[in-house]
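In what follows, a single structure is set out as structure tokens and then discussed.
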Amino acid sequence: MVAGGAPVSAREFIASLDLRSADGPAPRVVGAMIASIDGHATLDGRAGGLGNPADRAVLRGLRAAADVVLVGRNTLTTERYATLLDPEQRDQRAAAGLPVHPLVATVSRHPELLADVPLLAEPDVEVVVYDAPDAALADLHDRRGARLIVCEGGPRLLHALAAAGALHDLVLTLAPLLVAGEGPSILTGGVLDTPTPMRLAHCARAGDHLMLHYRR
Ligand SMILES: NC(=O)c1ccc[n+]([C@@H]2O[C@H](COP(=O)([O-])OP(=O)(O)OC[C@H]3O[C@@H](n4cnc5c(N)ncnc54)[C@H](OP(=O)(O)O)[C@@H]3O)[C@@H](O)[C@H]2O)c1
-15 MVAGGAPVSA
-5 REFIASLDLR
5 SADGPAPRVV
15 GAMIASIDGH
25 ATLDGRAGGL
35 GNPADRAVLR
45 GLRAAADVVL
55 VGRNTLTTER
65 YATLLDPEQR
75 DQRAAAGLPV
85 HPLVATVSRH
95 PELLADVPLL
105 AEPDVEVVVY
115 DAPDAALADL
125 HDRRGARLIV
135 CEGGPRLLHA
145 LAAAGALHDL
155 VLTLAPLLVA
165 GEGPSILTGG
175 VLDTPTPMRL
185 AHCARAGDHL
195 MLHYRR
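-15 is the number of the first residue of the sequence shown in my numbering; add one for each residue after it.
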């Protein structure tokens, strides 16, 4: 991966994004998504076919930095979430005095649909289910002390956060593919009342994939 003309690891790239801002009245919410050049967030119904090893390293690095990984129920079930972190990332968190795994939070009105998600059976992984994003953010901040929440989508959950003005950053990988078809963009939902301007704060390149960090 290359940023500013110099080789960087995913961990160095994430450190350069300075995502841990000072404590405030709300947690910092960072969306982490991938899209094709023509703006689709899935290939054959999943995100995985869009990625490359560097993109996966960035996603895992963001998880390793997070207090909370927030994921929509449909993404947890469709992508069959398991094993969030590499062993060395768990060791690094423990050495830094953090819980070995970030807390996993999801939003669902049908939590029974989560029963088969492999992540829920993993030791040391705590999964909390909320019935609305605003309740999730309030509880994660006020009761759980979360400062950095990484939201891995999906497009409906990310839309709800953006519509509520709760999305502060977006780390978007642009995948070098034309996909077309009916797959969603990274936000599924109605036109936002106020389109959210964001500025490009950082970027990196890994082969023909671009990693873009936008900040509100
Ligand atoms: N390209 C990428 O980076 C990326 C990232 C993630 C996912 N994806 C893809 O996106 C697809 C899934 O996305 P999705 O948009 O369908 O699902 P999603 O956002 O992961 O989950 C939607 C579900 O979350 C709950 N939910 C979301 N917003 C809510 C709200 N405001 N209030 C209450 N509950 C809410 C509901 O769960 P209940 O139905 O249980 O109530 C809803 O059905 C999959 O194909 C996945 O592969 C792509």
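Beta carbons are placed, not taken as given, at the ideal position from N, Cα and C, and that holds for glycine.
Minimum Cβ-Cβ distance from residue i to chain D less than 8 Å
i: residue 58; result: Of the chains in the structure shown, none is chain D; there is only one protein chain.
Check whether residue i and residue j have beta carbons under 8 Å apart
i: residue 16; j: residue 43; result: yes
i: residue 18; j: residue 105; result: no
i: residue 111; j: residue 90; result: yes
i: residue 190; j: residue 22; result: no
i: residue 214; j: residue 103; result: Given that the chain is displayed from residue -15 to residue 200, the structure contains no residue 214 and the question cannot be resolved.
i: residue 10; j: residue 125; result: yes
i: residue 62; j: residue 30; result: yes
beta-carbon residue i near ligand 1 non-hydrogen atom, thresh 7 Å
i: residue 139; result: yes
i: residue 52; result: no
i: residue 183; result: no
i: residue 170; result: yes
i: residue 56; result: yes
i: residue 30; result: yes
i: residue 72; result: no
Heavy atom of ligand 2 within 7 Å of residue i beta-carbon
i: residue 117; result: As for ligand 2, it is missing from this structure, which binds only ligand 1.
Assigned exposure category for residue i - 16 Cβ within 10 Å defines buried
i: residue 51; result: buried
i: residue 142; result: buried
i: residue 47; result: buried
i: residue 96; result: exposed
Reduced DSSP secondary structure (H/G/I, E/B, other) of residue i
i: residue 133; result: strand
i: residue 56; result: strand
i: residue 20; result: strand
i: residue 199; result: strand
i: residue -11; result: coil
i: residue 90; result: strand
i: residue 61; result: helix
i: residue 42; result: helix
i: residue 138; result: coil
query: At a cut of 8 Å, does the region 76 to 87 reach the region 36 to 43 through at least three beta carbon pairs?
result: Here the region 76 to 87 does not lie against the region 36 to 43, with fewer than 3 beta-carbon pairs under 8 Å apart.
- prompt: Is the region 116 to 132 close to the region 172 to 186, with three or more CB pairs under 8 Å?
  reply: Flag = no, the region 116 to 132 and the region 172 to 186 do not touch.
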